Structures are given as structure tokens and as C-alpha cells.
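To keep things clear, I will list the structure first and then write my remarks on it.
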Amino acid sequence: MGTATRPDAPSAPAATAPRAVEVRGLRKAYGERVALAGVSLDVLPGEIVGIIGRNGSGKTTLVECILGLRRADDGRVRVLGLDPQADRGRLRALVGCQLQESALPDRLRAGEALELFASLAAEPADPRALLAEWGLTGHRRTPFAALSGGQRQRLLVALALVTRPRVVFLDEMTTGLDPSARRTAWGLIDDIRRRGTTVVLVTHFMDEAERLCDRLVVLREGRVVGRGSPGELIARHAGQTRVTFTAAADVGFLRAVPGVRAVERTGGRVIVRGEGPLCALVGAALVARGLAPTDLRPVLPGLEDVFLALTGEEGA
Ligand SMILES: Nc1ncnc2c1ncn2[C@@H]1O[C@H](COP(=O)(O)OP(=O)(O)OP(=O)(O)O)[C@@H](O)[C@H]1O
Ligand SMILES: [Mg+2]
1 MGTATRPDAP SAPAATAPRA VEVRGLRKAY GERVALAGVS LDVLPGEIVG
51 IIGRNGSGKT TLVECILGLR RADDGRVRVL GLDPQADRGR LRALVGCQLQ
101 ESALPDRLRA GEALELFASL AAEPADPRAL LAEWGLTGHR RTPFAALSGG
151 QRQRLLVALA LVTRPRVVFL DEMTTGLDPS ARRTAWGLID DIRRRGTTVV
201 LVTHFMDEAE RLCDRLVVLR EGRVVGRGSP GELIARHAGQ TRVTFTAAAD
251 VGFLRAVPGV RAVERTGGRV IVRGEGPLCA LVGAALVARG LAPTDLRPVL
301 PGLEDVFLAL TGEEGA
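Numbered continuously in the working numbering, the sequence shown closes out at residue 316.
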């Protein structure tokens, strides 16, 4: 599946399609604290599915339960048709993961770590090529403890990929990466998807989710509160289009423009909310009144609006 198909990606896979990952009714509590309150999820082979949600919403717990690293209290998980608890040995060769809290022994060198992981796989990727791809060639002999935060993170992702897994789990892959390294990482994830790898990606970066994911699952307090392609979620939940500009004059007349639902002001900045070709109509109405703000621009609804709408404001 190429990125060109993404806007039409279905919000739910067909019932008969084989799953790379299948999760049904997953529940997990840590003592009194419920981390997962009945989560179901399907990932098709070759898809990139993103899991988004606020801190503490259960994303890492979900990934760890899918990987068999944590035992769920209830529910069913299958990865490539196998039970991650019972078939852990078989799955180890097929699944890669970069976990949020991963670390390596301090003195293990980057190149040694990759070669060690590669030696566990039947058909590993070339460790030197991976070092180059992830910008670590100059750090082949650097011990883990002496790598910077972003370099460690890139090494951990490279380690998740060196076994050429069929499914890879990346929990906050680009946290700590500089903007250039993030873009490189996105390109490399595109590449492995083109080679058929299925990717489950936890991320807090909405641009990353929109850029990479065919489908997204939104978690709130251990429950799925939204799922669909980025485009579907934006259309369904992101709300109205906005237009902003700076004006000192009273612009209350804009309320009469077709499609306008609200006109708000914060200081000199005006925000017009509504639907339809808002920017063009608001611009025309302003010009007709002799106003021509140079900073008139539309603020298109995006995944960040979806995130806020579905997961609530901070402190909620
Ligand atoms: N080992 C643990 N023991 C007790 N509670 C835990 C443990 N791990 C997670 N929790 C709790 O479970 C809930 C879900 O945590 P989890 O780490 O899955 O969230 P998350 O969505 O990955 O958050 P973040 O975005 O911060 O990584 C949180 O309330 C957290 O405090
Ligand atoms: Mg987490």
C-alpha cells in the first residue's frame, strides 16, 4: 500500500481480511488504576497504524500487552495469528520493537549492539547500512552511554529494524530527534512499509501521525474514542474552518457573510469561524468595506484539533 492510497484508507478493515495485529476487549489495571478498559484494534499487513492519546491514556500499556511483555487482565491478542504470551519464541523473530523506556548496557558500542541483534535473525539487514541510514556511521564505536539522547533513540529504532521484522512497534520513535532527523526517520519508515513491513506507531506529533499513518486509533483513559484515517478524523471531529487577520476596526459586519458562524476578537487579532469558502468570502467582504488586512489567512482544521476534541483539554 503506497502513501497515494492514504486519503481513501478505510476507517475499519474488511471483516475477512487477515490481520497483522488483532486485539479484542483488552483490559489491564495496575492495582486500582485502570490503564486499558476494553480496547479493540486491527492492523492489516502493510499498514501503518498510529496510536495517539494524552499522557497516561494507555498507549504504552497497549503496545506492551500486544508484545506479550505485560499480561493483560482480559481480552485477546494475536500478532501474525500467534498468541504473544504462548508463542513468544516464534514471535521474537517476526516482530521488532522500540520501546519508550528502552536502554542498552552503558558500554555496548552502537555497532556491536546492531551486530548482536542481527546475529539473532535469520535474514538480518546489513548493520552498517542501518548505521548509515540512521545517521550513526560516525558513532559505530561509541558506547551507548556516550550517545546523545537523539542518537540513542535512532539506535533503538535501528535495532528494532535490524532483524527485518514483519511487524514493528515504535513507541515515540521521534521523541528527542531534531527536525532533520525526524524527517529522515519518516522517509525510512516509508521505505520499510514499501518493503511490506507493518508498523504500529505511538506518537505525540500530529504532523507525524498525519504524514505516516494510514489509520489512527485515539485513546482516552484506556478506551478508544476515535478511529479512522487522518482525513476521516479531521472531517468528522476537527470542527469548523477558521480565518484570522489583524484589524483595529469593528468587523461585526462579517457575521452576515454566508457560512460565518462566529466572529471573535483577541486583542487586535480577529478569528472568524464557519464553513464553506470562508477565506474568499471574508476577504471579499473586508475589501468591500475598504479593509485589506495583509495577514488574512485560513487556519485549516487538522489532527491537533481532532486530538483536543477527542481527548479533552489539559487538566480535564
Ligand atoms: N508499571 C506501572 N505501574 C503502575 N501504573 C502504571 C504502570 N505503567 C503505567 N501505569 C499507569 O497506567 C496508565 C497508562 O500508562 P501508559 O504508560 O500506558 O500511558 P501512555 O499513554 O503510554 O502515556 P505517555 O504518553 O505518557 O507515554 C497511567 O495512568 C500510568 O500511570
Ligand atoms: Mg507511553
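All C-beta atoms in this analysis are idealised placements derived from N, C-alpha and C, irrespective of residue type, glycine included.
Note that the structure is predicted; figures quoted are calculated from it, not measured.
The set of residues whose C-beta lies within less than 6 Å of a heavy atom of ligand 1 reads, in chain order, TYR30, ARG33, ALA35, GLY53, ASN55, GLY56, SER57, GLY58, LYS59, THR60, THR61 and GLN100.
In this structure the segment 132 to 142 touches the segment 152 to 164; the number of beta carbon pairs closer than 8 Å is three or more.
Straight through space, the alpha carbons of LEU170 and GLN240 are spaced by roughly 32 Å. Looking only at ASN55, SER40, ALA29 and GLY38, the smallest Cα-Cα distance to THR203 is reached by ASN55. Assignment of LEU308 by DSSP, reduced to helix, strand and coil, places it in the helix class. For CYS97, the enclosing beta strand (DSSP E) covers residues 95 to 98. Note on LEU310: 16 or more other CB atoms within 10 angstroms of its CB, so buried under the neighbour-count rule. DSSP, reduced to helix, strand and coil, places ASP190 within a helical segment of the structure shown. 7 Å or more divides the Cβ of ASP295 from the Cβ of PHE253. ARG166 has its alpha-carbon roughly 12 Å from the corresponding atom of GLY81. With 16 or more other Cβ atoms inside 10 Å of its own Cβ, THR198 counts as buried. Between LEU36 and LEU26 a beta carbon distance of about 5 Å is seen, short of the 8 Å cut, so the two are scored as contacting. Taking C-beta atoms as the reference points, ASP42 and ARG76 fail to come closer than 7 Å. DSSP lists VAL167 as the beta-bridge partner residues of THR198.
For ARG76, the enclosing beta strand (DSSP E) starts and ends at 74 to 79.
Residues PHE144 of the same chain have their beta carbon placed closer than 7 Å to that of PRO105, with the five preceding and five following residues left out of the count. DSSP, reduced to helix, strand and coil, places LEU212 within a helical segment of the structure shown. Excluding its 5 nearest sequence neighbours in each direction, CYS279 has C-beta neighbours in its own chain below 6 Å: VAL243 and PRO298, listed in chain order.
Cα atoms of LEU291 and ARG255: separation of roughly 16 Å, rounded to the nearest angstrom. Taking one beta carbon from each stretch, the segment 174 to 187 and the segment 113 to 129 have fewer than 3 pairs nearer than 8 Å; the two do not touch. Put simply, the segment 300 to 309 does not touch the segment 273 to 287. Fewer than three CB pairs are less than 8 Å apart.
ASP207 carries a helical assignment under DSSP once its states are collapsed to helix, strand and coil.
When C-alpha distances from VAL21 are compared across ALA29, ARG33, GLY50 and GLY31, the shortest belongs to GLY50.
Distance from the CA atom of ARG107 to the CA atom of GLY149, rounded to whole angstroms, is 15 Å. Distance from the CA of PRO84 to the CA of THR61, rounded to the nearest whole angstrom, comes to 14 Å. Look at PRO230 here: in three-state DSSP terms it is helix.
Membership of ALA158 in the alpha helix (DSSP H) is indicated by the continuous run 149 to 161. Per DSSP, reduced to three states, the secondary structure at PRO127 is helical. Considering only ARG33, LEU201, VAL39 and ALA132, the residue with the shortest C-alpha distance to GLY96 is LEU201. DSSP, read as helix, strand or coil, puts PRO143 in strand. DSSP, reduced to helix, strand and coil, places THR266 within a strand of the structure shown. By the criterion of a C-beta distance shorter than 6 Å, ARG223 is surrounded in its chain by ALA37, once the five residues flanking it on both sides are discounted.
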